[in-house]
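Colleague: Okay, handing you the structure first.
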């Protein structure tokens with residue numbers, strides 16, 4: 016995770032109702048899979064816990080091999096703000112960059 020991603024995650028996790036963020040992948044989009052983030056109260060049995068600079072996130076066990084080696088970043092421009100992933104395992108992705116194939 017880049018420092019921008021860590022800062023954004025830290026802000027998302029600071030709330031009156033503390034929760035965890037789980038990162039996973041879903042089958043969707045024109046290239047086949049896309050990343051998704053969910054708030055959860057507790058880790059699932061096989062979730063991987065990743066911590067950087069005091070910020071903990073969960074990696075969905077079903078997505079672990081799809082995400083391994085990836086770098087998560089937070090990007091902002093005039094039109095959007097979003098988490099992006101630099102994944103060395105991607106073989107192809109759609110034109111808009113929202114979905115990918117391994």
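Numbering (the working numbering), first residue to last: 16 to 117.
Ideal placement from N, C-alpha and C gives every residue a C-beta, glycine not left out.
(1) Determine the direct distance from the alpha carbon of residue 74 to that of residue 31, and round the result to whole angstroms.
(2) Tell me whether residue 77 sits in a helix, a strand or coil according to DSSP, three-state version.
(3) Can the beta-carbon of residue 84 be found less than 8 Å from the beta-carbon of residue 103?
(4) Return the chain-ordered ranges of every alpha helix (DSSP H) run that is complete within the stretch 26 to 102 and spans a minimum of 4 residues.
(5) With a threshold of 6 Å on Cβ separation, who are the neighbours of residue 78 within its own chain once the five nearest residues in sequence on each side are excluded?
(6) Going along the chain, which residues of its own chain have a beta-carbon closer than 8 Å to the beta-carbon of residue 56, five neighbours each way excluded?
(7) When you compare only the Cα positions, how much space is there between residue 22 and residue 94?
(8) Apart from the five residues just before and just after residue 100, which ones in its own chain have a Cβ nearer than 8 Å to its Cβ?
(9) Classify residue 62: buried if its beta carbon has 16 or more other beta carbons within 10 angstroms, exposed otherwise.
(10) For a test of the three-state rule: what should DSSP assign to residue 106, helix, strand or coil?
Modeller: Considering the structure as presented:
(1) What you label residue 31 is simply residue 16 of the chain shown in a count that begins at 1. What you label residue 74 is simply residue 59 of the chain shown in a count that begins at 1. Roughly 23 Å separates the two Cα atoms.
(2) The residue you call residue 77 lines up with position 62 of the chain shown. Reduced to three states, the DSSP call for residue 77 is helix.
(3) Along the chain shown, read from residue 1 onward, the residue named residue 84 stands at position 69. Along the chain shown, read from residue 1 onward, the residue named residue 103 stands at position 88. Contact flag set, yes.
(4) 79 to 82
(5) By one-based count along the chain shown, residue 78 stands at place 63. Once the five neighbours on either side are set aside, the close Cβ partners of residue 78 are 39, 40.
(6) What you label residue 56 is simply residue 41 of the chain shown in a count that begins at 1. Same-chain partners within the cutoff: 34, 35.
(7) The residue given as residue 22 occupies position 7 in the chain shown. The residue given as residue 94 occupies position 79 in the chain shown. Rounded to whole angstroms, residue 22 to residue 94 spans 20 Å at the Cα level.
(8) The sequence position of residue 100 within the chain shown is 85, counting from 1. Cβ neighbours of residue 100 beyond the five flanking positions: 50, 82, 85, 86, 87, 88.
(9) The residue labelled residue 62 in the question sits at position 47 within the chain shown. By the neighbour-count rule (16 or more Cβ atoms within 10 Å), residue 62 is buried.
(10) For this step, residue 106 is matched to residue 91 along the chain shown. In this structure, residue 106 counts as coil in the three-state DSSP scheme.
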